[in-house]
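Asks:
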Amino acid sequence: MFEFAWPWIFVLLPLPWLMRLVLPAADSGEPALKVSFLEDLEGLVGRRARANLPTWRQQAPFILLWLLLLIAAARPQWLGEPLPIAASGRDLLVAVDVSGSMDFPDMQWKEEDISRLGLVQRMLGDFLESREGDRVGLILFGSQAYLQAPLTFDRHTVRRWLDEARVGIAGKNTAIGDAIGLALKRLRQRPAQSRVLILVTDGANNGGEIDPLTAARLAADESVKIYTIGVGADPEQSGTAGFLGVNPSLDLDEATLREIAQVTGGQYFRAQDGEQLLTIKTTLDRLEPVTQQPTQARPAQALYHWPLAIALLLSLLLVARERWPDNPLQRLFTQPLFQPSQPSEWRQRLKRLRLRRRR
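Letter by letter, the sequence shown follows residues 1 to 359 of UniProt numbering.
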């Protein structure tokens, strides 16, 4: 079935005529001579003069060009038959802390020091791409929580947005309660038995407007399971000091994270290095899928390139008409539709007589 994705674009159809009415006429700066016997001169010369205001045939290519551009902008497409898509999986939101402390390089990856956020991006990125059949989404939170990617089957795009996350883009503080509240708002629209939130942080709640435990109790009422992950090396084993010589791992509020997981029926994990985070990923992979209602999708084939290509070709022809006036296209739009090959002798004599009288 053929349809336009954005049919409202055709509201712009009269825009050129409205601009012509509103804007003043352009002055070419060239002198013009107006004569009353223009048709007689055209008959003697054998050519048709170009009028100051173009005829409908001279305007036709520009009207066609504008119409083709509107058709391309309206996104014409051909829709196929609806195809059922079986959805067997969970609705999984991942909330990642991007506060300032996540830039602390106390983690190990392939025997190299790496920041906490860098390790989370590598581990959770592989985890998200392996969630075939699940809808996955991404929340980034700091002083505030933002939905970076809504629930979608496009796991590759969600991973790319996770890889592009930078420390401090959501503020320097940690609003754990706001992140849970935002996830709850998105997950409550999905089936109750499939709502999962994975919360990754390295600190304690010191920002936002919602208390984390209050948000966790609301999540439990909405059947949202929260798996919490505390990131950061062991303060006693890590020799790396943070700002003012204080290790940021001391700020991790493990008690609150455990209670959030316990209240919602989830589980708390402690990630002190890359191996532990890999073990957590393996555990989360065991989440059993939940059969959901099948959805339908209609394959769409975009057709905008056809009117766009015709418009480009017409534009090139119009440029050629201006650069080389004496061509078949110019004669097509300037000569009359019905013109006798040779004017009769009596018409030529009559025109000469008119000229003599006017002199």
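Where a beta carbon is used, it is the ideal one built from N, C-alpha and C, also for glycine.
#1: When you compare the CB positions of Asp221 and Met102, do they come within less than 7 Å of one another, or not?
#2: According to DSSP, is Asp97 helix, strand or coil?
#3: Would you kindly check if the distance between the Cβ of Ala72 and the Cβ of Leu308 is under 7 Å?
#4: So, for Lys225: in the same chain, excluding its five sequence neighbours on each side, which residues have a beta-carbon less than 6 Å away from its beta-carbon?
#5: When you compare the CB of Asp253 with every CB in chain B, is at least one pair closer than 7 Å?
#6: Going straight from the alpha carbon of Ile9 to that of Leu312, what length do you get?
#7: If you draw a straight line from the C-alpha of Gln342 to the C-alpha of Leu21, how long is it?
#8: So for Val224, helix, strand or coil by DSSP?
#9: Is it the case that the region 163 to 173 contacts the region 188 to 195, given that we only count it when at least three CB pairs across the two stretches are under 8 Å?
#10: Should Gly181 be labelled buried (16 or more other beta-carbon atoms within 10 Å of its own) or exposed?
#11: Can you tell me which of Pro105, Ile260, Asp91 puts its alpha carbon nearest to the alpha carbon of Leu128?
#12: Using DSSP bridges, identify the partner residues of Glu3.
#13: Ordered along the chain, which non-local residues of its own chain (more than five positions away) have a Cβ less than 7 Å from that of Asn206?
#14: Alpha carbon to alpha carbon, how far is Pro191 from Val96? Give it in angstroms, no decimals.
#15: In the DSSP assignment, what residue or residues form a beta bridge with Gly137?
#16: Here's the rule: buried if 16 or more other CB atoms are within 10 angstroms of the residue's CB, otherwise exposed. What is Ala216?
#17: Ends of the beta strand (DSSP E) at Arg195?
#18: Please name the residue, chosen from Thr152, Trp161, Ala204, Val200, that lies closest to Arg186 on a Cα-to-Cα basis.
Replies: Reading it off the structure:
#1: Taking the C-beta atoms as reference points, Met102 is found no nearer than 7 Å to Asp221.
#2: Reduced to three states, the DSSP call for Asp97 is strand.
#3: Cβ distance < 7 Å, so Leu308 and Ala72 count as in contact.
#4: Val196, Thr264, Gly265, Gly266
#5: Among the chains of the structure shown, chain B does not appear; only one protein chain is present.
#6: Ile9 and Leu312: Cα-Cα distance of roughly 19 Å.
#7: Residue confidence is low: Gln342 scores 48 on pLDDT, short of 50, so the model does not pin down where it sits. Its coordinate-derived value is still stated next. Their backbone Cα atoms lie some 41 Å apart in a straight line.
#8: coil
#9: Pairwise C-beta distances place the region 188 to 195 out of contact with the region 163 to 173, as fewer than three of them are shorter than 8 Å.
#10: It is buried - the Cβ of Gly181 has at least 16 other Cβ atoms within 10 Å.
#11: Per the Cα distances, Asp91.
#12: Gln77
#13: Asn173, Thr174
#14: 23 Å
#15: Leu93
#16: buried
#17: 195 to 201
#18: Nearest of Thr152, Trp161, Ala204, Val200 to Arg186, Cα basis: Thr152.
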